[in-house]
Amino acid sequence: MNGEFRRYLEALGEQWEDHLKRHLDEDELIGYVRGELEAGDVERLQSHLVRCEACAAALADVADFFEPLREGEEPIRERVLRREWKSFWQRVRAEERATVRADVPVWFRPRALFALAASLLVIVGFLGLWTWHLRREIQQLARQAQSERTRRAELERENRRLQERSDVTKREYESRLSELESQLAQLREPQWNIPVYDVLSRELLLRSGSASVVNHIAVSPTARSFSLVLNAEDQPKYPTYAIEIVDREGHVRWRAAGLHRDRHGNFTLTLSRAFLSPGRYRLILSGQRGGRFQKIAEYVVSLSYL
Ligand SMILES: [Zn+2]
0 MNGEFRRYLE ALGEQWEDHL KRHLDEDELI GYVRGELEAG DVERLQSHLV
50 RCEACAAALA DVADFFEPLR EGEEPIRERV LRREWKSFWQ RVRAEERATV
100 RADVPVWFRP RALFALAASL LVIVGFLGLW TWHLRREIQQ LARQAQSERT
150 RRAELERENR RLQERSDVTK REYESRLSEL ESQLAQLREP QWNIPVYDVL
200 SRELLLRSGS ASVVNHIAVS PTARSFSLVL NAEDQPKYPT YAIEIVDREG
250 HVRWRAAGLH RDRHGNFTLT LSRAFLSPGR YRLILSGQRG GRFQKIAEYV
300 VSLSYL
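Counting along the sequence shown from 1, when you hit position 7 you're at 6 in numbering that gives the first Met the number 0, and nothing is skipped either side.
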């Protein structure tokens, strides 16, 4: 009952009467606290309690004492348990103090245990950090391994490419080799009736008043090679001679030195059809004495293959 309500009831003054005309007894107070009274009795008790400080104080004591009983027997047991627990805990603390005083291993003292726990925490933290570090290293290694795999795959591709190219080159080389071998075999075969063409020098043709200074040579289709007889009967004599074949562009296509005349005083030159393509060529004859060459005749040939 709070003070405000008490003041309200007091304010009713003379209109309000205490029907009890006496103090409350213990049974009434207990009954009230336990909620066992009838509504009319409760009203009467309350009207007295509002006015009587002594009964209000007694009610407070009863309420304080009996309150836990409202829930039956359990609260009593709980109270006992609490008391037991309190004494147990006091015994534990007493023993702890005794333990600290005695010379027991330092690791069993609470402070040491706390330090140990703190160390364990640090270790756990360190393990976490270490795990994190290891994980990072593993990730890094995985990345390295991946790049190594990529590099290896690239090298393998490059190797395959080179191998393929090498195979192609080898096949080309073998094909070319067999072609050359067949050509060589063909050249080794005997040839008969090789066409022979007489070629007159430009100077001789000019002297003889010929219409052309060009020797037209048309090689027959069956001839693999043909011979040119360079007429040199009236040319000055040298110990040895040199001949060069020059094309229309002025490039020397072939040259030979240290040559001698044949028994008729001429030069016989046998050419393969494959060696010179159709076209106009100049064959320049030089006399060689010591280290010096002297041009002595020029033969102009227009070559065609039938
Ligand atoms: Zn009273």
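No residue lacks a Cβ here, since even glycine has one placed at the ideal position from N, Cα and C.
For Ala53, the Cβ falls inside the 8 Å cut-off from some heavy atom of ligand 1. The Cβ atoms of Ala231 and Gly257 do not sit closer than 9 Å to each other. For Gln293, the enclosing beta strand (DSSP E) starts and ends at Arg291 to Tyr304. Under the DSSP assignment, Ala241 falls in the beta strand (DSSP E) whose first and last residues are Thr239 to Asp246. Your pair Arg272 and Tyr298 does not check out as a contact, with CB atoms roughly 19 Å apart and the cut at 8 Å. Between Cys54 and Leu36, the gap from beta carbon to beta carbon reaches 9 Å or more. Cβ neighbours of Ser285 within its own chain (closer than 7 Å, five residues either side excluded): Tyr240, Ala241, Phe292, Gln293, Lys294 and Ile295.
Around the Cβ of Ser200, a 10 Å sphere holds 16 or more other Cβ atoms; the residue is buried. Under the three-state reduction of DSSP output, Asn158 falls in the helix class. For Leu36, the Cβ stays outside the 8 Å cut-off from all heavy atoms of ligand 1. Per the DSSP secondary-structure output, Phe125 pairs with nothing in a beta bridge.
In this structure the stretch 236 to 255 does not lie against the stretch 212 to 228, because fewer than three pairs of beta carbons, one per stretch, are closer than 8 Å.
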